[in-house]
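Novice: When we follow full-length UniProt numbering, the leftmost residue of the sequence shown carries the number 1, and every step to the right adds one. Note that beta-carbon positions come from the ideal geometry of N, C-alpha and C, so glycine has one too.
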Amino acid sequence: MSKYHFRKLQNEIRKDRQHRVKQLSHKLRYGNLSDDGRKEVIAQLDTIGGGA
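(1) Can you give me the C-alpha to C-alpha distance between Ile13 and Ile42, rounded to a whole angstrom?
(2) Does the Cβ-Cβ distance between Leu45 and Arg38 come in under 8 Å?
(3) Less than 8 Å between the beta carbons of Arg7 and Ile48, yes or no?
(4) Nearest-angstrom Cα distance between Asn11 and Leu33?
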(Lines of atoms letter the chains of each structure in order from A and count residues from 1; the text may use other names and numbers.)
(Lines give C-alpha, C1' and ligand atoms only; values in the text may rest on other atoms or scores of the structure.)
Protein backbone atom coordinates (compact mmCIF):
# COMPACT_ATOMS: atom_id res chain seq x y z
CA MET A 1 0.00 0.00 0.00
CA SER A 2 1.46 3.34 -0.99
CA LYS A 3 1.80 6.20 1.48
CA TYR A 4 -0.92 8.06 -0.38
CA HIS A 5 -3.47 5.26 0.00
CA PHE A 6 -2.49 4.66 3.60
CA ARG A 7 -2.96 8.33 4.47
CA LYS A 8 -6.26 8.44 2.58
CA LEU A 9 -7.51 5.45 4.57
CA GLN A 10 -6.40 7.04 7.85
CA ASN A 11 -8.29 10.23 6.99
CA GLU A 12 -11.48 8.28 6.27
CA ILE A 13 -11.21 6.49 9.61
CA ARG A 14 -10.58 9.77 11.43
CA LYS A 15 -13.62 11.41 9.81
CA ASP A 16 -15.86 8.47 10.71
CA ARG A 17 -14.59 8.57 14.30
CA GLN A 18 -15.15 12.32 14.60
CA HIS A 19 -18.67 11.96 13.24
CA ARG A 20 -19.48 9.21 15.75
CA VAL A 21 -18.10 11.30 18.62
CA LYS A 22 -20.30 14.23 17.55
CA GLN A 23 -23.36 11.96 17.40
CA LEU A 24 -22.72 10.48 20.83
CA SER A 25 -21.88 13.75 22.57
CA HIS A 26 -25.02 15.33 21.11
CA LYS A 27 -27.05 12.37 22.35
CA LEU A 28 -25.44 12.79 25.77
CA ARG A 29 -26.23 16.51 25.94
CA TYR A 30 -29.67 16.72 24.42
CA GLY A 31 -31.10 13.20 24.46
CA ASN A 32 -33.56 12.02 27.06
CA LEU A 33 -31.42 9.18 28.34
CA SER A 34 -31.96 7.06 31.39
CA ASP A 35 -29.08 6.58 33.82
CA ASP A 36 -28.08 3.35 32.09
CA GLY A 37 -28.27 5.03 28.69
CA ARG A 38 -25.93 7.80 29.84
CA LYS A 39 -23.43 5.26 31.17
CA GLU A 40 -23.59 3.37 27.87
CA VAL A 41 -22.91 6.49 25.78
CA ILE A 42 -20.04 7.53 28.06
CA ALA A 43 -18.55 4.04 27.77
CA GLN A 44 -18.79 4.21 23.96
CA LEU A 45 -17.09 7.63 23.94
CA ASP A 46 -14.30 6.30 26.14
CA THR A 47 -13.84 3.36 23.78
CA ILE A 48 -13.55 5.63 20.74
CA GLY A 49 -11.30 8.04 22.61
CA GLY A 50 -13.58 11.06 22.51
CA GLY A 51 -14.11 11.61 26.21
CA ALA A 52 -16.89 14.06 27.01
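Specialist: Working from what's here:
(1) Indexing the sequence shown from 1 puts residue 13 at position 13. Indexing the sequence shown from 1 puts residue 42 at position 42. When rounded, the distance between both Cα atoms is 20 Å.
(2) Taking the first residue of the sequence shown as 1, we reach residue 45 at position 45. Taking the first residue of the sequence shown as 1, we reach residue 38 at position 38. The answer is no: Cβ separation not under 8 Å.
(3) If you number the sequence shown from 1, residue 7 lands on position 7. If you number the sequence shown from 1, residue 48 lands on position 48. Against a cut-off of 8 Å, the Cβ pair of Ile48 and Arg7 comes out as no contact.
(4) Taking the sequence shown and counting its residues from 1, the one referred to as residue 11 is at position 11. Taking the sequence shown and counting its residues from 1, the one referred to as residue 33 is at position 33. When rounded, the distance between both Cα atoms is 31 Å.
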